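Just below is one structure, and these are the notes that go with it.
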Amino acid sequence: MENSENKVIEKEEKVKPFLNLLLDKVISRKLSVLIVATYLLFHDKLSDNFWTYIAVTYMGVQGAIDILKAKASARR
């Protein structure tokens, strides 16, 4: 019994870094928050006003990041 528990723990330790890598490389964490918020909106677990706040915040933060990246690359 204890041996099978150790195997489960070892498997979890391998899966967590993979998920973090996936989120870092494929989907930004900001986008994943927007996706989860959209899912909750469609399942009536989040109000439309609160979803709007999340979406506007995402766009504002992402826009600021894009501007900073453009400035940094222009300086080089």
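Just so you know, numbering that gives the first Met the number 0 puts 73 at position 74 of the sequence shown, and the rest follows in order with no gaps. All residues carry an ideal CB built from backbone N, CA and C; glycine is no exception. All values reported here derive from a predicted model rather than from experimental measurement.
Query	Result
Three-way DSSP call (helix, strand, coil) for D65 in this model	helix
C-alpha gap between A73 and V60, whole angstroms	20 angstroms
Proximal residues to W50 (C-beta, below 6 angstroms), its chain only, five neighbours per side dropped	A36, L40
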